[in-house]
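Everything in the sequence shown is counted per our numbering, starting at -3 for the first residue and increasing by one. Quick reminder that beta carbons are idealized off the backbone N, C-alpha and C, glycines included.
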Amino acid sequence: MPTRFYRLRLLIAGLLIAVPVCGSSSAAQTSRSPQSSGSSTTVVIDAGHGGHDSGGIPGQKVPEKEMTLDVAQRLKSILTANGYRVVMTRDSDVFVPLPTRVAIANSYSNAIFVCIHFNSAKRAGADGIETYFYSRDSLSLASAIHYFV
-3 MPTRFYRLRL LIAGLLIAVP VCGSSSAAQT SRSPQSSGSS TTVVIDAGHG GHDSGGIPGQ
57 KVPEKEMTLD VAQRLKSILT ANGYRVVMTR DSDVFVPLPT RVAIANSYSN AIFVCIHFNS
117 AKRAGADGIE TYFYSRDSLS LASAIHYFV
């Protein structure tokens, strides 16, 4: 049976693969401009937790705030290399209040908002992936990302 850390690495790998795959779909291609034009689709990446808020279960070997920031920075590199404009809600170990994160996301009209968290539970059977989206307009993108993760 795979360990929790094996599943975590698999989840991270899936996330890092999903974005380029989803970005190459016909729906995403039509809304994305080449990087050289300076008007690419904006993706706001929110690395969960940070600063005094470590997230996860107390006593966890690697705090959730470190894992979310690591994945967010890797995702930023991939997206930037594929011509997306990327905005981070945090790019270091600082606490960003929820209203500030919301304000950052809302300041970019028609941006794709990706919030990264790692759920954890002491119950062995509690695992899986959750994908949330705001409106039905986002359903196809959310479904594609969820499928590939």
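Asked, Found
"With a threshold of 16 other CB atoms inside 10 Å of the CB of Arg97, please say whether the residue is buried or exposed.", "buried"
"Using a 10 Å radius around the Cβ and a threshold of 16 neighbouring Cβ atoms, would you call Pro59 buried or exposed?", "buried"
"Taking 8 Å as the threshold, find out whether the segment 40 to 58 comes into contact with the segment 100 to 110 through three or more Cβ pairs.", "yes"
"Using C-beta distances below 7 Å, list every residue in its chain close to Ser32, excluding the 5 sequence neighbours before and after it, in chain order.", "With a pLDDT of only 44 at Ser32, under the threshold of 50, the placement of this residue in the model should not be trusted; the figure read from the coordinates follows. Once the five neighbours on either side are set aside, Ser32 has no close Cβ partner at all."
"Kindly list the residues whose CB is nearer than 8 Å to the CB of Thr38, restricted to its own chain and excluding five residues on each side of it in sequence; keep chain order.", "Tyr80, Arg81, Val82, Val83, Tyr104, Asn106, Ala107 and Ile108"
"Hey, which unbroken runs of the beta strand (DSSP E) at 3 residues or more fall wholly within the segment 58 to 135?", "81 to 84 and 108 to 112"
"Considering Cα atoms alone, identify which of Arg70, Ser139 and Glu62 is closest to Ile125.", "Ser139"
"Can you have a look at Val90 and say buried or exposed, based on whether 16 or more other CB atoms are within 10 angstroms of its CB?", "exposed"
"Within 10 angstroms of the Cβ of Ala120, are there 16 or more other Cβ atoms? Answer buried if so, exposed if not.", "exposed"
"Out of curiosity, what's the CA-to-CA distance linking Ser131 and Ile53?", "31 Å"
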